[in-house]
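Undergrad:
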């Protein structure tokens, strides 16, 4: 077997296999473990789909499986089933990171905004918004165009969040409406005050030091080259890739 290829080990496969689609009509599927391993290899390597190593089978089979399950929301559903932070009362960290979109990632139907591509100082970019637990593991992943403000996307991210006791975020999230939304969820916002804030909120500097876990989460996700640079035209496919990378990096072991 050629070196440098990714293969799901027995433990990883035991975690993901029960959540794969069942009872679909049509001809028998190719070996799921080989196909899913091939998809993950492509996310890690950043190569073009047509350059997929032959050990995984025809590249068309690898891409079609990824694309079809992305269209059905299957990858996101598997992530939601496995990304469980544990007991209620967990401390979560909120932030975003900008991803540069390659030129081949433009041109998706519905326009750039519908495909979560926007223009910022870095050029054409997509933002990945995430919530992570104290072990750096992402529990929510969400996309917006790159120029969108973090605080504007926060309500959509929080709508997907599990129960929590504390939410850590930087001062870009300092807004009365967002603070109120966090409190209504039964959590305590730990957010630095902006310099122009009139009403100063109490701020726990000691607790805030734990926010670095979200930065480490993004760093590890960007070890996957198809996450560090966006090559997918469709937002649904890029979001599926981010969910699958997060599963491999954090939730399958």
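In UniProt numbering, the protein residues as written are 1 to 253. For every residue, glycine included, the Cβ atom is placed at its ideal position computed from N, Cα and C.
#1: Give the range of the alpha helix (DSSP H) segment to which residue 131 is assigned.
#2: Do you know offhand how far residue 76's Cα is from residue 101's?
#3: Per the contact definition of three or more C-beta pairs closer than 8 Å, is the segment 126 to 135 in contact with the segment 153 to 164?
#4: Below 9 Å between beta carbons: does that hold for residue 20 and residue 79?
#5: Can you give me the start and stop residues for the alpha helix (DSSP H) that residue 41 sits inside?
#6: Take residue 189 as the anchor and find which of 224, 171, 32, 195 has the nearest alpha-carbon.
#7: Given a cut-off of 9 Å, decide if residue 57 and residue 86 are closer than it, judged by their beta-carbon atoms.
#8: Less than 9 Å between the beta carbons of residue 218 and residue 143, yes or no?
#9: Under 8 Å: do the segment 6 to 20 and the segment 32 to 46 share three or more Cβ pairs, one atom per stretch?
#10: In this structure, how does DSSP classify residue 101 when only helix, strand and coil are distinguished?
#11: Tell me the DSSP secondary structure of residue 201 in three-state form.
#12: Smallest Cα separation from residue 122: which of 163, 194, 97?
#13: With distance defined between alpha-carbon atoms, name the residue in 196, 72, 148 nearest to residue 125.
#14: State buried or exposed for residue 232, treating a residue as buried only when at least 16 other CB atoms are found within 10 Å of its CB.
#15: Just the C-alpha distance for residue 22 and residue 229, rounded to the nearest angstrom, thanks.
#16: Would you mind stating whether residue 185 and residue 158 have Cβ atoms separated by less than 9 Å?
TA: Quick look at the numbers:
#1: As a first step, residue 131 is located in the chain shown; it is residue number 131 there, counting from the start. Where residue 131 is concerned, there is no enclosing alpha helix (DSSP H), although the beta strand (DSSP E) it sits in stretches over 123 to 132.
#2: Taking the chain shown and counting its residues from 1, one reaches residue 76 at position 76. Taking the chain shown and counting its residues from 1, one reaches residue 101 at position 101. Approximately 21 Å between the Cα atoms of the pair.
#3: Flag = yes, the segment 153 to 164 and the segment 126 to 135 touch.
#4: Along the chain shown, one-based indexing puts residue 20 at 20. Along the chain shown, one-based indexing puts residue 79 at 79. Not closer than 9 Å, so no.
#5: Your numbering for residue 41 matches position 41 in the chain shown. 32 to 45 is the extent of the alpha helix (DSSP H) around residue 41.
#6: What you label residue 189 is simply residue 189 of the chain shown in a count that begins at 1. With distances taken between Cα atoms, residue 189 lies closest to 171.
#7: Taking the chain shown and counting its residues from 1, one reaches residue 86 at position 86. Taking the chain shown and counting its residues from 1, one reaches residue 57 at position 57. The answer is no: Cβ separation not under 9 Å.
#8: For the purposes of this step, residue 218 is identified with residue 218 of the chain shown, where counting begins at 1. For the purposes of this step, residue 143 is identified with residue 143 of the chain shown, where counting begins at 1. Result no, Cβ atoms of residue 218 and residue 143 do not sit closer than 9 Å.
#9: yes
#10: As a working note, residue 101 is residue 101 in the chain shown. In the structure shown, residue 101 sits in a strand (DSSP, three-state: E or B).
#11: As a first step, residue 201 is located in the chain shown; it is residue number 201 there, counting from the start. DSSP places residue 201 in coil when its eight states are reduced to three.
#12: For this step, residue 122 is matched to residue 122 along the chain shown. The shortest Cα separation from residue 122 among 163, 194, 97 belongs to 97.
#13: Translated into positions along the chain shown, residue 125 becomes position 125. Looking at the Cα atoms, 148 is the closest of the given residues.
#14: For the purposes of this step, residue 232 is taken as the residue at position 232 of the chain shown. When all chains shown are included, residue 232 counts as buried.
#15: Sequence index remark: in the chain shown, residue 22 carries index 22 (1-based). Sequence index remark: in the chain shown, residue 229 carries index 229 (1-based). Approximately 32 Å between the Cα atoms of the pair.
#16: Here residue 185 is taken as the residue at index 185 of the chain shown, counted from 1. Here residue 158 is taken as the residue at index 158 of the chain shown, counted from 1. Yes, these two residues count as a Cβ contact at 9 Å.
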